[in-house]
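K.L.:
Chains as they are written, first to last, in my numbering: chain X, 2 to 311; chain A, 916 to 1175; chain L, 916 to 1175; chain D, 12 to 299; chain W, 1184 to 1489.
Can you keep this structure in mind? I'll have questions shortly.
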Ligand SMILES: Nc1ncnc2c1ncn2[C@@H]1O[C@H](COP(=O)(O)OP(=O)(O)OP(=O)(O)O)[C@@H](O)[C@H]1O
Ligand SMILES: Nc1ncnc2c1ncn2[C@@H]1O[C@H](COP(=O)(O)OP(=O)(O)OP(=O)(O)O)[C@@H](O)[C@H]1O
Ligand SMILES: Cc1ncc(C[n+]2csc(CCO)c2C)c(N)n1
Ligand SMILES: [Mg+2]
Ligand SMILES: [Mg+2]
C-alpha cells in the first residue's frame, strides 16, 4: 500500500522549535504510519494560513492568535492538536535601567513583535493601564525585527524574546542572567497558545482525511516525545535539515532543552479548552487599532483528530 | 515630349506646428521629362527639400496633385522607382562601406553574389575602390558622401533625387564629382532632380534650373540651360555660361530676403 | 612693418593617436601684421583648423614657436585678445539669441545694462534685429551662424579668428555677409584670420592668401591679393581677380590628392 | 585600462581606511559596555584591538569580513550547505533565469511599443506605476499565489527577479529602437523596406548600446530580485536566506559576508556583460 | 464611435460584475469575460491611436487601467479566489475608504518624512560628489568603477545594517533611501557634466572663463537632461527603499510596517490599499519630476519634439 502524502508548513525557519516533526520524519515514524510527509520551512514573511488557503499544505503549525484571525478573514482554520502547552514568550529588559516590576515599564521603549504576535503584549498593557500610542504616560513601542539588537545597542529598554531562542542570544551578547529582568507572559496571565496544528475546516468533513491526520498527529507526538527525551540527538536531526547552513549546534541543543519545558506530550496533543478560552479572552481584551478578532469564534478547534489517533 | 517622369499640378504643403501652420510649398507646377537634369535652387527654407520629399513619398502633399512615372508617389516608392541621396551621408556606422552600399540590394532581395559585384562596381565609379572593408568613420567627409552616392546608384534607379549631395566638399573634390555625375547621366539617360546652393554648379549640371522663393515656397522662375551635353570644366568661364549664371543670380536675388 | 600680431616660426604639431602619430602641422612660418586679412585655404585635413586652434591656445604646438601680440598664445587668450568663430554655430540651446550674444560679455564681467545694448547692436549688424527673444533651434542654419558671428564681435576683439564661418550659407546670403565683413574690417582695422574652402571668397576678402597642403600640413604658397580696400561684388568678374583666383586654384590643385 | 588602476586602488584604500575608522567608532560603545560589565578597564590600544575583533560587531572590520568569506567559501566543500559557494549558486541560478525572462519580456515589450503606438499611450504609465509597487511586499503573495498554480522552486524566484529587471531593459530599448535618426529611417522608406527589414537592419543594431546599458542595470536588479524572493521562500537556501538567517541570529559577520558575496556576484556578472559589449562593439567596427 | 464603444464596454463590464456578484460562473463567465475584454481591447486601441494632448492623452491609460480593474473584479469574484490570496478591487476600495486616516498616518511617516528627506539628501550628495569628481579627474576614474560595485549591493542587505546604525525611526529609512539614490545620481551627473560639447568648451576657453563660470554657464545646463534621468529613476526607487527598510524594524506606523504586519494578519485588503497608495504616490512623484524636467529642459531635442 503506497504511503499517503501530507505536506506540513512550519511557522518559522528550521530550528529545534519544530524538532518533533523532523524527528518523526528522520526516525521513520511517519513512514511507519503509512505517510509520506513533506516539511516546508517557514520564515518571517510566510503566513501559514495563506499557504494552506493556496492549497500548498495540508496542515500548518501556527500560533493561535494568527489562526483565529484567519478564521475571521475567510480562511477557516481549525486546531486539531496542541503539542505546546505553555507559552515561551517573554519581555526581557536590561536590569541597569532600573526595571524590576511591570509598573516600572511606564515611559520605557519596548521592542515588540508585530504580525499578529502583539496581542498578548497589548492585552498586558491594557491590564496595566499603560497607553501604547507613544504618550509619555505610557510606553514607546518599536516594531522589533528578527533579533535582539535593539537591546544590545540600547535602542530599547526591553525586547521580546522566546525562552528558547532570543533570550539566549541576549546571553550570548554578553549579559548575565543577573543583568536582565524577565517578564513571562504566562506569569502575567496574558499568555496565548503557541505552536498548534491547524487544518482547513472544509476538509474535516472527509473521514479519510481525519483518519490520515490522526495518524499524522500520533506520529508527530511520538516524535516530540522522543525529542524531549533525547534533546541532543534531536538537535542534531534539526541541524541535518537546516538548508541555510547557518544554525549552530550549541544553540540548537539549548533551544531543544527549553522547548521540552513547553511541551505536553501526555495527552497525545489534545487541546485543553480552558487554555483556548484564556487565549480568546486575552485577544478580545487587547484593544488596539485593528483588533485581531472582533468576536469569540466558534468551531475553531476539534478533538476529532486526536480521538481518531487513539 | 514623352510621358513626364514627374508631373506636379498646384502642389501645396502645409506643416501644422505648435505655433500654427507653416506653408512650405504653394502652387507648385512642374513637369520633368525623362532624361532631364533639373536643379532646384533657392534660399534656405524655400521648400527645396520639401519638394524632393514629396516626390519621394516621404511627405504627403496637402493640396494639388503629383504623379511620379504616371503613378502616385507611394506606388512609385513601393515600385522602387527612385534613388535618394540625402544632404548628410547617413551611412550605418556598424556596416563596412561595402555593406552600406549593398544594403538597398539586400532589402530588395537581390542574390548575395550579385550584390557584392554590383556594389563594388559602384564604389569604383566614385573612386572608392580599395575602401570596401573600411568603416564609415575611417573615411573623410567627402569619401562618405561619395559612398552614399554609390549606395543610391547601386540598384540602378531610373530617377535620382539628390539633396545638396556636394555641400560639404571642397572645391576641387566637388569639381571632380560634378564631372563624374555628368558623365554618368549622359551615359545612362537617368532623370535627375538635384538641389544645390551653388549657382555655378546648377548651371554646369542642369538642362533646366528651377528657382524657388520662400514664404510661401513657390517656383519663381524656370531657366533653360542649353549648354549642350558636352561640358568640360572650362565651360564655366564662357560668356554663355556666365549669362545663364547671371540670370539665375537675379532670379534668386529677387526672391530673397535677408532675414531667412 | 609694425610688430606682427602673429609670428610663427617652424611651428609643428603632432597628434599622438592609437594608430601612431599624425603630423598635422609642419614647419609653418607665418607673420601677420596688424590690420591684415589673411585667408587659409587648402584641402580637407591639411591643418587649417589646427593652425587656428594653436593661435587661440586651444591646442599646444609640439615644436617651433608662436607669438600672439608678442606674447604666448595662453597669455593672449587670458588677456581676451581674440574672438573665435567656429565652423558650427555652437549656440547654447537654453539661451535666447540675445542671451547667447551676451554670453562673452557676461563672462568678462561687463555690467548688465551695457551687455544688452552691445549685443543688440551686434545682432542688428548681422541683420538679426527682431530675433533677440528666439531660441537657436527656432532659427535656420544661416541665422544661427550669423548669431555666432555677432557673438564673436560683441566684445570687440582686435583679432578675429574665423573657421569657415559661411560654409553652410547659400550664395546670396554669403555674398551679403562677405560685404558686411569687409566693411567692418575696413572700418575697425581688425586683424582677421579666415579659413575657407571657397577660392572666390578668399580672393574677394583677403590681403594675403595662405595655401596649405596636407600630409604633413604645411604652407605651400602665400599669395598677395592687392585688389585695394574698396571691393564691390562685381570685382569678382575682373581679370585681376580671376588671375589671382587661378593662381590659388593651381596652388591648391598641386597639393591635392583625390583620396582625402 | 591601466590608467584606471591607480585611482581605483587609491579610492579603495581610502574606503578601507575609512571603514576601519568606522568600525572602531561604531563598536566602541559595545566594547566599552562589555568591558564595564566585566569590570575591566583596558587601555586605548587594547580597546582598538577589541573593537576590530568582536564576534558580533555593529560594523565588522574588513579583515573580519574577508576571513569569514574565506572560511565559508574556501575551507568547506562547495556542496556543503554551510558553503557560501553553494548559496551563491542557488541565488545565481534564480537570478540568471529571471534575467533571461525579464530581458526577453522587456525587449518584447519595447518591440511592441515601438510598433504599436496605442500600446505606449495606454500601457506605459502603468508600467511606471508597477515599478512603484514594493516587490518585497508582494513577494510572499506572489510566491504563494504561484504555488497555488503549481509553480515552485526556481520559477517564483525567477519571476520576481524578472519583474525587477524588465523595466530598465524595456525603457532603454524603447529609446534604443527609436535611436536611428529620421534620415536613416527615411532612407529605408525610400527603398520601401518592410517593418521587419527596418527592425533587423536598422533598429536592432542602432539599439545595441542602449541594450547593454539596460542589461547591466537589469543584471544587478535580477540579483537583488532573487535575493528578495529568497526571504519569503522559507529561508531555505541562497544568499537571501543567509542574510535573513544572519539577521535573525544577530550574526553580523554572516550578513556582511553574504552581502559581499552578492556584490561580488553582481559585479562579476556586470563585468561579463561589459566584456560581451566590447566583443560585440568590436564586431561592429573596431572604433570602441 | 469611440464614445459608443466606451459606453458598450462600460455597460458590459457593469453587467458582468453584477452577474458574478450574483453568483455567475463556469462557461457563461468565460464567455462574458472574453466578449467584454475584446470590446475593451478595441476601445483602448482606438483611444491610444487617436491623437491627443494633455488631458485627452490620459484617456487611453485610464481606460486601460479601468479595464484591468474590471477584469480583476470579475475574475476574483467569479472564480471565488479567497481574499487571503487576492482581494477584489471593490473590497480594496471599501477598505481604503475606511482606513483613510491610518493610510494618511503611514504616508506621512514613510513618504513625507523618510522618502523626501532621503531623496533630497541622496540626490544632493551624489550631485555634490559628482561636481568634485568632475574637477578632480583622479577621483572620477577611481569612483565610477566602484560606484557600479556598490550599486549592486542589495537594499535588503543594507537595510538591516542601517536600521542597526540609525535607529528605528524614519532616519534609518531615509539612510536607506540615501544609499539607493546616491549612485544613480552620481553616475548620471558625472556623465552629464561630461556631456557638454567640445566646441562649447573651447568657446568658453577662448573667453578665458573661470572653471566656476564654465560650470555654471555651460556644464550644468548641459547636464540637466542627465540629472533629470537620475531624478526620475530615483523617484520610485526612493519609495521602495523606504518601504522595504521598514520591514527590518520600525515604529508602529509607516507603509512598510503596515504592509508586513497586516499581511501576517491576512488583512490583504488593507495591504493592497497600502500598495495602491505606494503606486499612486510613486507615479505622482515620477510625474512631478517629469513635469519639472519638461520645464527645465525645454530646449532639449527630446522635449522639443514631444
Ligand atoms: N517637419 C517640419 N515641420 C514644420 N515645418 C517644417 C518641417 N520641415 C520643414 N519645415 C519648414 O518648411 C519650410 C521649407 O523647408 P525645407 O527644408 O524644404 O527648406 P529648404 O529649401 O530645403 O532649405 P535649406 O536650403 O535650408 O535646406 C521651412 O520654412 C521649414 O521651416
Ligand atoms: N584631435 C585630433 N587627434 C588626432 N588627429 C587630429 C585631431 N584633430 C585633427 N587631427 C588630424 O590633423 C589633421 C589636420 O586637421 P584639421 O582639422 O586641422 O584639418 P582642416 O584643414 O581644418 O580640414 P577641414 O577642411 O576638413 O576642416 C587631419 O589629418 C586630422 O585628421
Ligand atoms: C516578523 C516576525 N517577527 C517575530 C515573530 C515572532 N516569532 C514567532 S515564532 C518565532 C521563532 C522563535 O524564535 C518568533 C521570533 C514573528 N512571528 N514574525
Ligand atoms: Mg534642404
Ligand atoms: Mg577645419
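Think of the CB as a built atom: it goes at the ideal place given N, C-alpha and C, for glycine as much as any other residue.
With distance defined between alpha-carbon atoms, name the residue in X:158, X:280 and X:301 nearest to residue 124 (chain X).
P.N.:
Counting from 1 along the first chain, the entry for residue 124 (chain X) is found at position 123. Among X:158, X:280 and X:301, the Cα nearest to that of residue 124 (chain X) belongs to X:280.
K.L.:
Can you tell me whether DSSP reads residue 1145 (chain A) as helix, strand or coil?
P.N.:
Taking the second chain and counting its residues from 1, the one referred to as residue 1145 (chain A) is at position 230. Three-state result, residue 1145 (chain A): coil.
K.L.:
Quick check on the burial criterion: 16 or more other C-beta atoms within 10 angstroms. Buried or exposed for residue 146 (chain D)?
P.N.:
Here residue 146 (chain D) is taken as the residue at index 135 of the fourth chain, counted from 1. Answer is buried; the Cβ neighbour count reaches 16.
K.L.:
Can residue 306 (chain X) and residue 81 (chain X) be called in contact, C-beta distance under 8 Å?
P.N.:
As a position in the first chain, residue 306 (chain X) is number 305, starting the count at 1. As a position in the first chain, residue 81 (chain X) is number 80, starting the count at 1. Yes, the Cβ-Cβ distance between residue 306 (chain X) and residue 81 (chain X) is below 8 Å.
K.L.:
Taking 7 Å as the line, does the beta carbon of residue 939 (chain L) fall inside it for any heavy atom of ligand 2?
P.N.:
Within the third chain, residue 939 (chain L) is the residue found at index 24, counting from 1. For ligand 2, at least one heavy atom lies less than 7 Å from the Cβ of residue 939 (chain L).
K.L.:
Quick one: any contact between the segment 983 to 996 of chain L and the segment 1061 to 1079 of chain L, if contact means 3 or more CB pairs under 8 Å?
P.N.:
Touching, yes, given that three or more Cβ pairs across the two stretches are closer than 8 Å.
K.L.:
Rank D:35, D:176 and D:151 by C-alpha distance to the C-alpha of residue 114 (chain D) and give the top, closest one.
P.N.:
Position 103 of the fourth chain, counted from the start, is the residue given in the question as residue 114 (chain D). Considering only alpha carbons, the answer is D:176.
K.L.:
Output needed in chain order: residues of the segment 1412 to 1444 of chain W with a Cβ under 7 Å from some Cβ in chain X.
P.N.:
Per Cβ criterion, the list reads 1431, 1432, 1433, 1434, 1435, 1440, 1443 and 1444.
K.L.:
So what does residue 1136 (chain A) bridge to, in DSSP terms?
P.N.:
If you number the second chain from 1, residue 1136 (chain A) lands on position 221. Per DSSP, A:1126.
K.L.:
Output yes if chain D places a C-beta closer than 8 Å to the C-beta of residue 971 (chain A); else output no.
P.N.:
Counting from one through the second chain, the residue named residue 971 (chain A) turns up at place 56. Judged by the 8 Å Cβ criterion, residue 971 (chain A) is in contact with chain D.
K.L.:
Say whether chain A places a C-beta atom closer than 8 Å to the C-beta of residue 133 (chain D).
P.N.:
For the purposes of this step, residue 133 (chain D) is taken as residue 122 along the fourth chain, with counting starting at 1. For residue 133 (chain D), the answer is no, since every Cβ of chain A falls outside 8 Å of its Cβ.
K.L.:
Roughly how many angstroms lie between the CA atoms of residue 98 (chain D) and residue 253 (chain D), to the nearest whole one?
P.N.:
Against the fourth chain, residue 98 (chain D) aligns to sequence position 87. Against the fourth chain, residue 253 (chain D) aligns to sequence position 242. Rounded to whole angstroms, residue 98 (chain D) to residue 253 (chain D) spans 8 Å at the Cα level.
K.L.:
For residue 50 (chain D) and residue 43 (chain D), what's the separation of their Cα atoms in angstroms?
P.N.:
The sequence position of residue 50 (chain D) within the fourth chain is 39, counting from 1. The sequence position of residue 43 (chain D) within the fourth chain is 32, counting from 1. One C-alpha to the other measures close to 10 Å.
K.L.:
To the nearest angstrom, how far is the alpha carbon of residue 1068 (chain A) from that of residue 1156 (chain L)?
P.N.:
Here residue 1068 (chain A) is taken as the residue at index 153 of the second chain, counted from 1. Here residue 1156 (chain L) is taken as the residue at index 241 of the third chain, counted from 1. Their Cα atoms are separated by approximately 39 Å.
K.L.:
DSSP on residue 12 (chain D), reduced to helix/strand/coil?
P.N.:
Position 1 of the fourth chain, counted from the start, is the residue given in the question as residue 12 (chain D). Bear in mind that a pLDDT of 48 at residue 12 (chain D), under 50, signals an unreliable position, so the number given afterwards is only what the model happens to contain. Note: residue 12 (chain D) maps to coil in three-state DSSP.
K.L.:
If I follow the unbroken alpha helix (DSSP H) through residue 226 (chain X), where does it start and stop?
P.N.:
For the purposes of this step, residue 226 (chain X) is taken as the residue at position 225 of the first chain. Where residue 226 (chain X) is concerned, the enclosing alpha helix (DSSP H) stretches over 208 to 230.
K.L.:
Which residues bound the alpha helix (DSSP H) around residue 256 (chain X)?
P.N.:
Mapped onto the first chain, residue 256 (chain X) falls at position 255. Its alpha helix (DSSP H) spans residues 250 to 263.
K.L.:
Check whether the segment 9 to 22 of chain X and the segment 221 to 238 of chain X touch, using three or more Cβ-Cβ pairs below 8 Å as the test.
P.N.:
Contact between the segment 9 to 22 of chain X and the segment 221 to 238 of chain X is present, because at least three Cβ pairs lie under 8 Å.
K.L.:
Compare the C-beta of residue 1150 (chain A) with all C-beta atoms of chain L and state if any pair is closer than 8 Å.
P.N.:
Position 235 of the second chain holds residue 1150 (chain A). By this cut-off, residue 1150 (chain A) is not an interface position.
K.L.:
Pairing CB atoms from the segment 171 to 188 of chain X with CB atoms from the segment 269 to 276 of chain X, are three or more of them under 8 Å?
P.N.:
These segments do not touch.
K.L.:
What's the C-alpha gap between residue 294 (chain X) and residue 65 (chain X)?
P.N.:
Position 293 of the first chain holds residue 294 (chain X). Position 64 of the first chain holds residue 65 (chain X). For residue 294 (chain X) and residue 65 (chain X), the distance between alpha carbons rounds to 11 Å.
K.L.:
Provide the residue span of the alpha helix (DSSP H) that contains residue 122 (chain X), from first to last.
P.N.:
Within the first chain, numbered from 1, the residue matching residue 122 (chain X) stands at position 121. Looking at the DSSP string, the run of the alpha helix (DSSP H) that includes residue 122 (chain X) is 120 to 129.
K.L.:
Got a sec? Which residues, its chain only, sit under 8 Å from residue 1052 (chain A) by beta carbon, not counting five neighbours each side?
P.N.:
Working through the second chain from its first residue, we reach residue 1052 (chain A) at position 137. Result list for residue 1052 (chain A): 1008, in chain order.
K.L.:
Near residue 1016 (chain L), which residues of its chain fall below 7 Å by C-beta distance, leaving aside the five closest residues on each side in sequence?
P.N.:
Within the third chain, the letter at position 101 stands for residue 1016 (chain L). So the list reads 1034, 1037, 1038, 1062, 1065, 1066 and 1069, once near-sequence residues are dropped.
K.L.:
Apply the 10 Å Cβ neighbour rule to residue 1205 (chain W) and answer buried if 16 or more other Cβ atoms are within range, or exposed otherwise.
P.N.:
Within the fifth chain, the letter at position 22 stands for residue 1205 (chain W). Answer is exposed; the Cβ neighbour count stays below 16.
K.L.:
State the CB to CB distance for the pair residue 1361 (chain W) and residue 1341 (chain W), rounded to an integer number of angstroms; the pair is presumed to be in contact (CB under 8 Å).
P.N.:
Within the fifth chain, residue 1361 (chain W) is the residue found at index 178, counting from 1. Within the fifth chain, residue 1341 (chain W) is the residue found at index 158, counting from 1. With 8 Å as the limit, residue 1361 (chain W) and residue 1341 (chain W) do not qualify as a contact, their Cβ atoms being about 11 Å apart.
K.L.:
Rounded to whole angstroms, what is the Cα-Cα separation between residue 1444 (chain W) and residue 1382 (chain W)?
P.N.:
For the purposes of this step, residue 1444 (chain W) is taken as residue 261 along the fifth chain, with counting starting at 1. For the purposes of this step, residue 1382 (chain W) is taken as residue 199 along the fifth chain, with counting starting at 1. Going from the Cα of residue 1444 (chain W) to the Cα of residue 1382 (chain W) covers about 58 Å.
K.L.:
Would you call residue 1004 (chain L) buried or exposed, if buried means 16 or more other Cβ atoms sit within 10 Å of its Cβ?
P.N.:
As a working mapping, residue 1004 (chain L) is identified with position 89 in the third chain. Counting Cβ neighbours within 10 Å, residue 1004 (chain L) comes out buried, since at least 16 surround it.
K.L.:
Would you say residue 930 (chain L) touches ligand 2, meaning its beta carbon is less than 7 Å from a heavy atom?
P.N.:
Position 15 of the third chain, counted from the first residue, corresponds to residue 930 (chain L). Answer for residue 930 (chain L): yes, Cβ within range of ligand 2.
K.L.:
Which of the three DSSP states, helix, strand or coil, is assigned to residue 1010 (chain A)?
P.N.:
On the second chain, residue 1010 (chain A) is found 95 positions in, with the first residue counted as 1. Here residue 1010 (chain A) sits in coil by DSSP.
K.L.:
Going by CA-CA distance only, name the one from L:1030, L:1127 and L:1088 that's closest to residue 939 (chain L).
P.N.:
Taking the third chain and counting its residues from 1, the one referred to as residue 939 (chain L) is at position 24. When each option's Cα is compared against that of residue 939 (chain L), the closest is L:1127.
K.L.:
Compute the Euclidean distance between the alpha carbons of residue 300 (chain X) and residue 195 (chain X), then round it to the nearest angstrom.
P.N.:
Position 299 of the first chain, counting from 1, holds the residue named residue 300 (chain X). Position 194 of the first chain, counting from 1, holds the residue named residue 195 (chain X). Taking the straight line from one Cα to the other gives about 18 Å.
K.L.:
Is it right to say residue 89 (chain X) is buried, meaning 16 or more other beta carbons lie within 10 angstroms of its own, or is it exposed?
P.N.:
Residue 89 (chain X) sits at position 88 when you count from the first residue of the first chain. It is buried - the Cβ of residue 89 (chain X) has at least 16 other Cβ atoms within 10 Å.
K.L.:
Looking at chain W, is there any beta carbon in it that lies within less than 8 Å of the beta carbon of residue 1158 (chain L)?
P.N.:
Translated into positions along the third chain, residue 1158 (chain L) becomes position 243. No, residue 1158 (chain L) lies away from the interface with chain W (no Cβ there is under 8 Å from its Cβ).
K.L.:
Give me, in chain order, the residues of the same chain whose beta-carbon lies closer than 6 Å to that of residue 34 (chain X); leave out the 5 immediate sequence neighbours on both sides.
P.N.:
Counting from 1 along the first chain, the entry for residue 34 (chain X) is found at position 33. Around residue 34 (chain X): 216 and 220.
K.L.:
Quick one: Cα of residue 142 (chain D) to Cα of residue 959 (chain A), how far?
P.N.:
As a first step, residue 142 (chain D) must be located in the fourth chain, where it is residue number 131. As a first step, residue 959 (chain A) must be located in the second chain, where it is residue number 44. Distance between the alpha carbons of residue 142 (chain D) and residue 959 (chain A) is about 48 Å.
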